[in-house]
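Under this note's numbering, residue 397 is the last one in the sequence shown; the count climbs by one each step, no gaps.
The beta-carbon is built from N, C-alpha and C at its ideal position, and this holds for glycine as well.
Data block below; observations after.
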Amino acid sequence: MSGLKPLSRVVLLLCLCGLAVPLWFAARNTYRFFDGHPTKTEGVVHCEWVRPCRGTWRLPDGQRGSGEIGGLSFAADEEQVTDISLYAGRDWAVTDRSDLLVRAAWELAGTAIGTVLVLAVAWNSSYGSGSREGVDRS
């Protein structure tokens, strides 16, 4: 990448650092897949039209969890339903455990594609500027 201008090097570094965000999400979802517990909701699950559902649940060790529940979509008249099966931690829950791995796989794939794209653009910019210098010198 020696053919890149200083500003292009900074942009390359920022793009590669930005690709760490999906890696963090993938690692978090993978951790949740192995660290969560099967449980059921307690009390009322509240769902709004544009926001994720929220509710409470009890974990096997007796601790109470609460927060957003991924994978639920109820109409207003159905939100009184209790004992919904969940896979949860203290502050998160999903209805289907496999969704965590699917999300992690998509995030890893997006990171890989983004990394290849960023490096390809940088390589082409570096090679293109380097080859023009060689032509100009001869």
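By Cβ distance below 6 Å, which residues in the same chain neighbour residue i in space, the five residues on each side in sequence not counted?
{"i": "G326", "result": "D350 and W351"}
{"i": "R356", "result": "Y346"}
Classify residue i: buried if its beta carbon has 16 or more other beta carbons within 10 angstroms, exposed otherwise.
{"i": "P311", "result": "exposed"}
{"i": "R291", "result": "buried"}
{"i": "N288", "result": "buried"}
{"i": "V375", "result": "exposed"}
{"i": "V269", "result": "exposed"}
{"i": "L266", "result": "exposed"}
{"i": "L273", "result": "exposed"}
{"i": "A279", "result": "exposed"}
{"i": "D336", "result": "Summary for D336: the model assigns pLDDT 48, below 50, so the residue's position carries little reliability; its value from the coordinates is reported in the next sentence. Looking at its Cβ environment, which holds fewer than 16 other Cβ atoms inside 10 Å, D336 is exposed."}
{"i": "A364", "result": "exposed"}
Starting from the C-beta of residue i, find all residues in its chain whose C-beta is less than 8 Å away, skip the five residues before and the five after it, and write them out in chain order.
{"i": "G302", "result": "G314, T315 and T341"}
If you check the beta carbons only, do residue i and residue j fall under 8 Å apart?
{"i": "L331", "j": "T354", "result": "yes"}
{"i": "Y346", "j": "G277", "result": "no"}
{"i": "L271", "j": "A381", "result": "yes"}
{"i": "V377", "j": "L275", "result": "yes"}
{"i": "V304", "j": "I328", "result": "yes"}
{"i": "L263", "j": "S384", "result": "yes"}
{"i": "P281", "j": "G348", "result": "no"}
DSSP three-state call for residue i: helix, strand or coil?
{"i": "W308", "result": "coil"}
{"i": "G321", "result": "coil"}
{"i": "G302", "result": "strand"}
{"i": "G277", "result": "helix"}
Please work out which residues of its chain come closer than 7 Å, Cβ to Cβ, to residue i, disregarding the five sequence neighbours upstream and downstream, and give them in chain order.
{"i": "L367", "result": "A285"}
{"i": "R323", "result": "T315 and R317"}
{"i": "L359", "result": "N288, R291, F292 and V353"}
{"i": "G373", "result": "L278"}
message: What ranges does the beta strand (DSSP E) occupy inside the stretch 326–373, keeping only unbroken runs of at least 3 residues that lie completely in it?
response: List check, beta strand (DSSP E) in window: 344–347.
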